[in-house]
Amino acid sequence: MFAIRPVVANATTRSVGCQHRNYATLKEIQLRLKSVRSIAKITKSMKMIASTKMTRAQKTMEIARTFGSTQTALFTNADTKPTEEGTTLIITVSSDRGLCGGIHSSVSKASRKHVQEKPNSQVVVLGDKAKAQLSRTIRNNIRLSFNQIGKATPTYTEACAIADTILNEKIEFDQAIIVYNYFKSVISYEADTIPVFSESTFSKSGNFDAYEVEDDVLENLHEFALANSIYWGLAEGHASEMASKRSAMENATKNAGEMIDKLTLTYNRGRQAVITSELIDIITGASAI
Amino acid sequence: MSFAWKAAGISYLKYTQICARAVRNALKEEQRLIAQRRDEQGLKFAKWESGKQGELKPIDSAMGNVSV
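Going down the list, the protein sequences come from chains U and A.
Quick note, the first sequence lines up with residues 31 to 319 if you use this note's numbering.
Quick note, the second sequence lines up with residues 5 to 72 if you use this note's numbering.
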């Protein structure tokens, strides 16, 4: 009897200690499971919203592409070339929203590369996320920043407002480069540029004599070219952002699902261990009586 | 060939926006409501001086931004 009791006592204290640890762990796992499940629900609904926004954005983008590419076709056919010593304005198209993958970094990296090639370029940033990234490295080049961008599919009105504000600021440039994310497919995008040339650069084009132009019209063309190209950049950027957000949320939901599976297994194992140790207690306790 | 709106101090973009607004307001009820949604913009902008951001101001779509 004396030999048995210490063994019982040891077993009890050990299993009581294990019991406490398991219960605490079980509760933690339960809490974690609850929070991961709610996060999975949120990311799943974000993915649904992003995919509906993406289909709408793609339609706008197709239209903007036809308008924008006729604009660039004009410059290509006129054989307009930027001058080496000309000033450049870089317009970075981004948005205010996060949780959309590497959209903002891609466009910020491309803008930074352009500024490295031409250190006295001026930069206009559209969207708070790119503004945050660019203000870390090239804040002295920034002239204007816009926000409230990316809330809805971009309209030509917005593009006109942006172009008008830029022109009103009297920022001189020979060439403007619009840096945006080109929508390659639902799962991929790439940073690309659209050039917009000033009146003087355009009138020095190689093939300028092929066009009948009255001088007064060149200023209007310049304004329209800027607004048109900004609209194209905004539309493509928005479509790329929605596609990237959709795939980012899809990955997040998948990862959350995997975490839920792993946690459920751990929880069940822990629960079974608690039941087993309780059974052992009961059995050893009963055998001591 | 001088343009009347240029002489009045309005840019080409502002001129086309005003004309577009006039056309939208002239549409019939149903189409007008859909078209007027395209006329809204709530953008804000800020001027930057030597690495410092200025105050955020909304873009006034009525008469455009006259630089102060």
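C-beta atoms are modelled at their ideal positions from N, C-alpha and C, and glycine is treated no differently.
It should be emphasised that the depicted structure is a prediction, and the values quoted were computed from it without experimental measurement.
Using a Cβ-Cβ cut-off of 8 Å, residue 178 (chain U) counts as an interface residue toward chain A, since at least one Cβ of chain A sits closer than that to its own. For the pair residue 107 (chain U) and residue 237 (chain U), the Cα-to-Cα distance works out to about 7 Å. Taking residue 300 (chain U) as the centre and dropping the five residues before and after it, the same chain places the C-beta of 52, 55, 56, 59 closer than 8 Å to its C-beta, in chain order.
Chain A places a beta carbon closer than 8 Å to that of residue 173 (chain U), counting this residue as a contact. Minimum Cα-Cα distance from residue 280 (chain U) among the listed residues U:178, U:155, U:79, U:151 corresponds to U:79. Under the three-pair Cβ rule at 8 Å, the region 245-255 of chain U does not count as touching the region 292-306 of chain U. A Cβ-Cβ separation of about 3 Å places residue 125 (chain U) in contact with residue 180 (chain U) under the 8 Å criterion. Measuring C-alpha to C-alpha distances from residue 41 (chain A) to each of A:8, A:52, A:28 identifies A:28 as the nearest. Per DSSP, residue 174 (chain U) is one residue of the beta strand (DSSP E) stretching across 172-177. If you look at residue 143 (chain U), you'll find it isn't in any beta strand (DSSP E); it sits in the alpha helix (DSSP H) that goes 133-147. Under the 10 Å beta carbon count, residue 61 (chain U) is surrounded by fewer than 16 other beta carbons and is classified as exposed. Straight-line measurement puts the Cα of residue 21 (chain A) at about 28 Å from the Cα of residue 161 (chain U).
At a cut-off of 8 Å between beta-carbon atoms, residue 35 (chain A) makes no contact with chain U.
Per DSSP, the beta-bridge partners of residue 49 (chain A) are U:176, A:61.
Taking the beta carbon of residue 52 (chain A) as reference, the chain U residues within 8 Å of it are 169, 172, 173, 174, 175, listed in sequence order. Our two residues, residue 26 (chain A) and residue 51 (chain A), have alpha carbons roughly 31 Å apart in a direct line. If you ignore the 5 residues before and after residue 261 (chain U), its C-beta comes within less than 6 Å of the C-beta of 94, 186, 189, all in its own chain and listed in chain order. Near chain A, meaning a CB-to-CB distance below 8 Å, the residues of the region 190-202 of chain U are 190, 191, 192, 193, 194, 195, 197, 198, 199, 200. Separation of residue 143 (chain U) and residue 66 (chain U) (C-alpha to C-alpha, rounded to the nearest whole angstrom) is 39 Å.
For residue 203 (chain U) and residue 72 (chain U), the gap between their C-alpha atoms comes out near 45 Å. Listed as beta-bridge partners of residue 156 (chain U) by DSSP are U:123, U:176. Residue pairing from DSSP places residue 225 (chain U) in a beta bridge opposite U:207.
Taking a C-beta distance under 8 Å as the contact criterion, residue 193 (chain U) and residue 288 (chain U) do not qualify as a contact pair.
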